[in-house]
Amino acid sequence: MSSAKVASTSNSLMSDYFEDDRASKDMCPICKTDKYLSPNMKFLINPECYHKICESCVDRIFSLGPAPCPYPNCGKILRKNKFKKQIFDDLRIEREIDIRKKVGNIYNKTEEDFSDLKEYNKYLESVENIIFNLNYGIDVEETEANLIKYEAEHKIEILEKNLNESKKNADLAKYQEARERLKQEKIRIQKQMEVEDKEYDKQQQQELLDKLTSGSSANTDDIIKQQNNNKLLRASSRKKKLQQLNNQLDQEFNKTNPLYKHAKDLEDSYKTPFTPFKGDRDLNKNYTLLPIPNDVDELMNIENHIADSYHDPYVNQLAKNKEYLGAGWRLQNVFERALDEAFIGLGCIIEKEKA
Amino acid sequence: MSTTTKTIGNDSKSPIKYSKDRKVGEGTYAVVYLGNQISTQRKIAIKEIKTGIFKDGLDMSAIREVKYLQELKHPNVIELVDVFSTTNNLNLVLEFLPCDLEVLIKDTTIVFKSADIKSWLLMTLRGIHHCHRNFILHRDLKPNNLLLAPDGELKIADFGLARSLGNPNEDLSSNVVTRWYRAPELLFGAKHYTGAVDIWSIGIIFAELMLRTPYLPGKDDVDQLDVTFRALGTPTEQIWPNVSNLPMYNALRVYPPPSRQELRNRFSAATEKALDLLISMTQLDPSRRCDSTQALLHEFFTESPRPTEPENLPKKKVKKSNDEDESEGGTKRRKL
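Protein chains in written order, with the numbering used here: chain A, 1 to 355; chain B, 1001 to 1336.
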C-alpha cells in the first residue's frame, strides 16, 4: 500500500514535465491522433517546455506566429521554428543535451587555453555545475543571470574561439569527405573489374565451345587445360593490377590528407623504429635447403621432381598422400624441421646462454 | 588470511622459496594458489596438480604443460618459474597474471582502439611464432588463454593441449582446440595438420577483438561447420585441393565465399590491410593460410597507427578490493 503511494507521488511530480504514460506515448494529446492509425505522424518538441505535439498540430497552431503551448497549465509562448524532432526517448536527456549545447556555446574554451590541467579541470567543474543547476532547477534565475553576464563580458573571446574551432572542424570534414570518396572509388573500380571478368569468362567459354565444335585435331583435354591455365594467369595479373590501383589511390589520398602530416609527425616522434619480431628472429640459418617440391601437382608426381632434392623414399611417399595434403602437411616442413633441429645448437654456447 | 609456506626438499640452503597466500581457484585437475617468491617478492601463482584421482597417474595436461613450458622462454609466453613436488602432489610455479583477454572483450565499458587490437594481435603472434619455431603446437588458443600481465604484456598460457610435432607419419588427434576457434581441417578430422591450426585460432580471435563478440559461435561440432562455411564459404576441391580426402569431409550446404564488400561490411572499422591479414589468417586451405612469420611481416603492423605500447593498453578496472578477489578467482578458475 505504502509503496504504491510513493510511486504515485513521484509519478505525479514527473508527469508535470514529462507526460509519458503508455497510452499517451503514441497519441498526440492535442488532436488525439493515434500513431497506430496514422503511422506517418511525427512528434515534435519545443525546448521551452518539452511538451510533445504532433507535426500537424504544430502546423495548425503555430503557423500564424508565436502562440501559447496548448498543454493545460503550461501556457509558455512557443515559436514554430524552435520545434525539433525528439531524438531520445527520455525527455530529461533531450533537455540536458539542449542545456549542454547552450552552455557549451558560451563556455567554449578547450584544454589548450589553460596553463595546466588543474586549471582546466577547475573550469570544466564550474561548467558542469552550471549545467547541473539548470538541469535540476537549482537557483535557475541566478545561474541564468551569471551565464548572460559571462557571455557579455567574454563576447570577443567566445567568437574568436568559435572561429578557430570551425577552422579545425573544416579540416576534419574535408578529411572525412576525401575518405568517403576514396572508398567509393575503390568500390567502383572493383565492380568494374568484376563486370569485365564476367564478360571475359563468357567470351572464353564461347571460344572453347567454338574450338571444340570445329573439331580441330588437338586433344580436347589439352585445349581445356590450356584455357584453364590462361584463366589462372589472367586472374593473378588482374589481382595485382587491382592492388596497384588501390595503392595508388591510397597514396594520393595520403598526400591530400591534412591528418596525414600529423600521423607522420607522430611516427617520427617514436624513438625506435617498429620491428615486428622485436629483433628476435633468426634469419641466418646454419644450412641451405635444397629445392623441395611444394606444388600439389609436383608432389603427386614426386618421382620426377626430387633429382636435386633429399633422398628419403619413405617420407617422399608420404608426401603424395592426399589426406596429408588436404590437412596442410607438406614435405618441405619435414625436411626444414629435421635440418633445423640438427643444426639449431651450432653457434650456441651454453656457458654464455647460462650467464 | 593464514599464510602457509611451502618448502622445497632438494634445496637445503634456502628451504623456503615460495609462500602460498590464498586459494584463488579450483578446477578438476588442479587448485591454484596465489603466492610470493620469497627471494624476489614477486607475485606468483602455484598450480597444485591433484594426484591420485587418476588411475594412470598424473593428468596428461599437467605433463604437457610442464614439458613444453620448460622449453619455452619468451616475453609473450607464460613463464614456468619452477616445478616441485611434495609428498603426494605436483606443484607448478607460474608467473602471476591477473587478467585475460576474454574479460576485456566482455567488459563493454572498455573501448578498444585499433592500435590496441593491433598490439594484442602482435604479441599473440610473437608468442606463437616462438612456439612454432620450436615446433610446438599450442592447439587451444582462445581469448581466455591469452593472459595479461600487470604491465600490459600479453602471454600465451595453458599448454595443457600443446604437443610437439612428432614423426612425419604420426597421427595427431583432431579433437583439439575449443570449438569456436577450431580450424576447418580439424572439423574435417584431419590427423596430419600443422601450425596453421593455431594461426586460424588467432585469426578468429582477431575478428573477435574487432567485433567484441565471438565470430563463429557454433552450437555443436556439426553446427560449427555450418557456421564456419556460412561466414567464409564452403570449401571445394578448387579452392582447397584434396579437401575431399579428409576423413570427415562433407559439403553439407554449399555457401558462396564472402565478397570483399561483405567482409568490409562485417568489419566496418577495419582498414583494408587489416582485412587482408584477416583473410590470409582465415584461409580455409591450411596450406594457403599464412604462417606466423608471414603474419608478423604483414603491412598491417607497419601501417599507421602504431601498435599501442603494452603499458598503455586498456586494463580491467579495479573497483573495490573485495570485488577484485572474486574476479581474480574467476579468471584463474577458467585457466585451469
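C-beta: ideal position from N, C-alpha, C; glycine also. These figures come from a predicted structure and were not determined experimentally.
Check, Outcome
"In the structure shown, what three-state DSSP assignment does Glu55 of chain A receive?", "helix"
"Quick check: the Cα distance between Ala1062 of chain B and Ile1049 of chain B, rounded to an integer number of angstroms?", "7 Å"
"Please identify the residue among B:Gly1027, B:Asp1198, B:Phe1188 whose C-alpha is closest to the C-alpha of Val1177 of chain B.", "B:Asp1198"
"Between Thr1282 of chain B and chain A, is the shortest Cβ-Cβ distance under 8 Å, so that the two count as touching?", "no"
"Give the DSSP bridge partners of Leu1094 of chain B, in chain order.", "B:Ala1045, B:Leu1080"
"Less than 8 Å between CB atoms is the rule here; does Val1243 of chain B satisfy it with respect to chain A?", "yes"
"Grouping DSSP H, G and I as helix and E and B as strand, with all else coil, what is Gly104 of chain A?", "helix"
"Helix, strand or coil for Ile61 of chain A, going by three-state DSSP, please let me know.", "helix"
"Does DSSP classify Ala319 of chain A as helix, strand or coil?", "coil"
"Can you check which of these residues, B:Met1123, B:Asn1242, B:Pro1168, is closest to Glu1311 of chain B by C-alpha distance?", "B:Met1123"
"Kindly list the residues whose CB is nearer than 8 Å to the CB of Trp1180 of chain B, restricted to its own chain and excluding five residues on each side of it in sequence; keep chain order.", "Lys1142, Ile1204, Pro1214, Tyr1215, Leu1216, Pro1217, Gly1218, Gln1224"
"Hey, Tyr287 of chain A and Leu339 of chain A are a contact pair by Cβ (cut 8 Å); roughly how many whole angstroms apart?", "5 Å"
"Can you grab the Cα-Cα spacing for the pair Arg22 of chain A / Arg92 of chain A, in whole Å?", "Note that Arg22 of chain A scores a pLDDT of 48, beneath 50, so its modelled location is shaky; the value from the coordinates is reported in the next line. Cα-Cα distance, rounded: 17 Å."
"In chain A, what lies closer than 8 Å to Leu1072 of chain B by C-beta?", "By Cβ distance, chain A contributes nothing, its closest Cβ being about 13 Å from Leu1072 of chain B, past 8 Å."
"Anything in chain C within Cβ reach of Arg1260 of chain B, meaning under 8 Å, just list it in chain order.", "Included in the structure are the protein chains A and B, with no chain C among them."
"What are the partner residues of Gln1037 of chain B, as DSSP defines its beta bridges?", "B:Tyr1018, B:Arg1042"
"Taking the C-alpha atoms as reference points, what is the distance between Tyr1249 of chain B and Lys271 of chain A?", "52 Å"
"Which one of B:Arg1133, B:His1130, B:Asp1285, B:Val1111 has the shortest CA to CA distance from Phe1229 of chain B?", "B:Asp1285"
"Could you tell me which residues DSSP pairs with Glu1026 of chain B in its beta bridges?", "B:Val1031"
"With distances taken between CB atoms, is the gap from Cys57 of chain A to Cys31 of chain A smaller than 8 Å?", "yes"
"Measuring only the C-alpha atoms, how far is Leu212 of chain A from Lys202 of chain A?", "15 Å"
"Please report the residue range of the beta strand (DSSP E) in which Lys211 of chain A lies.", "No beta strand (DSSP E) holds Lys211 of chain A; the alpha helix (DSSP H) holding it covers 155-213."
"So which residues on chain A does Ser1287 of chain B lean against when the C-beta distance must stay under 7 Å?", "Gly328, Arg330"
"Met193 of chain A to Ser1259 of chain B, Cα distance in whole Å?", "13 Å"
"Which residues in chain B have a C-beta closer than 8 Å to the C-beta of Ile187 of chain A? List them in chain order.", "Gln1261"
"Roughly how many angstroms lie between the CA atoms of Asn81 of chain A and Gln176 of chain A, to the nearest whole one?", "30 Å"
"Can you tell which of B:His1138, B:Arg1042, B:Thr1109 has the C-alpha that lies nearest to the C-alpha of Leu1094 of chain B?", "B:Arg1042"
"Answer with yes or no whether the minimum CB distance from Glu1079 of chain B to chain A is below 8 Å.", "no"
"Under 9 Å Cβ-Cβ, which residues of chain A neighbour Arg1126 of chain B?", "Pro276, Phe277, Lys278, Asp280"
"Counting only beta-carbon atoms, is Tyr175 of chain A nearer than 8 Å to chain B?", "no"
"When you check each C-beta in the stretch 1296-1312 of chain B against every C-beta of chain A, which residues fall closer than 9 Å?", "Leu1296, Leu1297, His1298, Phe1301, Thr1302, Ser1304, Pro1305, Arg1306, Pro1307"
"Taking a contact to mean a Cβ-Cβ separation below 8 Å, would you say Arg1266 of chain B touches Ile1105 of chain B in this structure?", "no"
"Roughly how many whole angstroms lie between the Cα atoms of Lys1316 of chain B and Phe1096 of chain B?", "15 Å"
"Within 10 angstroms of its Cβ, does Gly1242 of chain B collect 16 or more other Cβ (buried), or is it exposed?", "It should be noted that the sequence gives Asn, not Gly, for residue 1242 of chain B. With 16 or more Cβ atoms within 10 Å of its Cβ, Asn1242 of chain B is classed as buried."
"Along the stretch 1198-1225 of chain B, where does the CB come closer than 8 Å to a CB of chain A? Name the residues.", "none"
"Along chain A, in chain order, which residues have C-beta atoms closer than 8 Å to that of Ala1196 of chain B?", "Gly328"
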